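Numbering (my numbering), first residue to last: -1 to 232.
All C-beta atoms in this analysis are idealised placements derived from N, C-alpha and C, irrespective of residue type, glycine included.
In this text the structure is predicted, and so the values were computed from the model without any measurement.
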């Protein structure tokens, strides 16, 4: 869907009519911003990934940004259920003058429903390239009893939610200190941010999804053209 939220940009809201993903499902998102285009992408609600009885669930995201283009890729959180098997990749190719804001929040089960995730196999790979050169590579895997793995202070301090925010732009470093000030005010959410080579990377962990989501939302408002769209309030 393409609601008209603001002039001068294209708003895109992804609707998953299946109500979630399960084992064997393959989900692919491709977005290309032509030169000088401005795109804000989000989803109607949290994405749910259910248990896999056979093949893993796969999700591939590819973003391409032309010269002077802007993409804010701001999907709502992903909720992983017990016995999930998820393989996801995020590939980004951007021109030197392009601007990208991207956030990702993963939540283990629904705390209000008393759900715990004791068995999962989740693997994530991110690659960001500017003018063909790799500027950011990230790989993560969580396999086994997530509740037990994330319980110690060194691995998660009991976190049930963890997220990443990246901002890539020619002047990205200018927003590092305001971003750090924002996350320092986060309530019951631990976060940290760093910047290098026109890229900001921030990490968030929290005992619950609402705490992490609120901290990420506040951080996004610091960045140009990255304020969460209206669907985040529903």
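Residue 65 carries a coil assignment under DSSP once its states are collapsed to helix, strand and coil.
For the pair of segments examined, the segment 129 to 141 was found not to touch the segment 175 to 189: the number of CB pairs separated by less than 8 Å stays below three.
In the assembly as shown, residue 227 is a buried residue. Its beta-carbon has 16 or more other beta-carbons within 10 Å. Distance from the CA atom of residue 63 to the CA atom of residue 117, rounded to whole angstroms, is 37 Å. Residue 50 carries a coil assignment under DSSP once its states are collapsed to helix, strand and coil. Between the alpha carbons of residue 216 and residue 170 lies a distance of about 17 Å. Taken atom to atom, the span from the alpha-carbon of residue 85 to that of residue 60 is near 14 Å. Per the coordinates, the alpha-carbon of residue 106 lies some 6 Å from the alpha-carbon of residue 159.
The beta carbon of residue 143 sits closer than 6 Å to the beta carbons of 116 from its chain, once the five residues preceding and following it are set aside; these are given in chain order.
At a Cβ-Cβ threshold of 7 Å, residue 74 and residue 44 count as neighbours. For residue 182, the enclosing alpha helix (DSSP H) has its first and last residue at 174 to 182.
Residue environment for residue 151: exposed (fewer than 16 other C-beta atoms within 10 angstroms of its C-beta). Counting the other Cβ atoms within 10 Å of the Cβ of residue 102 gives 16 or more, which makes it buried. In this structure, residue 69 sits away from residue 126, with a CB-CB distance that is not shorter than 7 Å.
DSSP places residue 144 in the helix class (H, G or I) of the three-state scheme. In terms of Cα proximity to residue 166, the closest of 156, 199, 146 and 16 is 199.
Take the alpha-carbon of residue 191 and the one of residue 120: they are about 24 Å apart. Secondary-structure assignment with DSSP links residue 221 through no beta bridge to anything. Shown here, residue 60 sits in a strand according to DSSP, grouped into three states. Membership of residue 36 in the beta strand (DSSP E) is indicated by the continuous run 36 to 41.
Where residue 160 is concerned, the enclosing beta strand (DSSP E) starts and stops at 159 to 166. For residue 28, the three-state secondary structure derived from DSSP is strand.
Leaving aside the five residues that flank residue 58 on each side, the residues in its chain whose CB is nearer than 7 Å to its CB run, in chain order, 26 and 87.
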